[in-house]
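Below is one structure, written out as structure tokens; the observations come after it.
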Amino acid sequence: AGYTVQRVHGTDRYETAAMLATQNGRPGGTVYLAAGTELADALSAAAAAAEQDAVVVLTQPGRLPSVTATALTTLQPSRVVVLGGELSVSEPVRAQVASLLPGAQVDRVGGGDRFETSALVAMDAFDSASAAVVANAYGSADAVVATQLAARHGSPVLLVKKDCRPGSVNAAYTALGITLSRLTGGTAVTEWSAGYRVC
1 AGYTVQRVHG TDRYETAAML ATQNGRPGGT VYLAAGTELA DALSAAAAAA EQDAVVVLTQ
61 PGRLPSVTAT ALTTLQPSRV VVLGGELSVS EPVRAQVASL LPGAQVDRVG GGDRFETSAL
121 VAMDAFDSAS AAVVANAYGS ADAVVATQLA ARHGSPVLLV KKDCRPGSVN AAYTALGITL
181 SRLTGGTAVT EWSAGYRVC
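Sequential numbering from 1 applies to the sequence shown in our numbering.
Below, the structure written as structure tokens:
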């Protein structure tokens, strides 16, 4: 069809994320740091990054990969948002990031579970939102596609259970003024009630 096609790839997901970040990030901006072993937090971060003109990089829970550290020092962000609790990204990793970037604000945004973390990330990145893109917290394939839909509409991605949204997610609806739920996946993955029923 006459398109120019470029492949961006590293030896693993950490290097690929680092390459994408350094190609698309702007020095002095915001970087979201998420665990690469369990992608639920990274999916919520992708929509937040689109809103903040930021990028997402990945880390192992207990060790900051050298490729990620190099990307961070190249980007020299003014803020790094570490996603999830210490089981997702350990305190030594957060401390290493702070040491690498002494001029940056390094914040942890994480709740007691993936639902609450998605809500807190949304409330951190968005001042308000009329709609949310809703994805099953355990259906990562649909949530990946959801990040593109969210970016297009300037919406957060909020993670829910199959048939309802947890109270922590409902709090984000209230705080941001969300009145529309865009559900991703078929009813076998996300039932209609996940868009309005609180559990």
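Virtual Cβ for every residue (Gly too), placed ideally from N, Cα, C.
Keep in mind it's a predicted model, so treat the numbers as computed, not measured.
- Here the C-alpha atom of G29 lies approximately 16 Å from the C-alpha atom of T68.
- Rounded to whole angstroms, V160 and G36 show a C-alpha spacing of 20 Å.
- In the three-state reduction of the DSSP assignment, D124 falls in the helix class, which pools H, G and I.
- It is roughly 29 Å from the alpha-carbon of R114 to the alpha-carbon of P27.
- CA-to-CA, the gap between L158 and A48 works out to about 11 Å.
- Contact between E86 and S168 does not hold, since the beta-carbon distance rounds to 18 Å and is not under 8 Å.
- When the Cα atoms are used, G110 and A95 turn out to be separated by approximately 16 Å.
- Around the beta carbon of P77, 16 or more other beta carbons lie within 10 angstroms, which makes this residue buried.
- Following the DSSP letters along the chain, one finds Y32 inside the beta strand (DSSP E) bounded by residues T30 to A35.
- Within the stretch 103-178, the runs of alpha helix (DSSP H) at least 4 residues long that lie entirely inside it are, in chain order, 114-125, 140-153 and 167-176.
- Contact annotation: A71 and A21 have beta-carbon atoms nearer than 7 Å.
- Distance from the CA of L100 to the CA of L183, rounded to the nearest whole angstrom, comes to 39 Å.
- In the three-state scheme derived from DSSP, where H, G and I count as helix and E and B as strand, S90 is classed as coil.
- Note on geometry: alpha-carbon atoms of G62 and R152 lie some 34 Å from one another.
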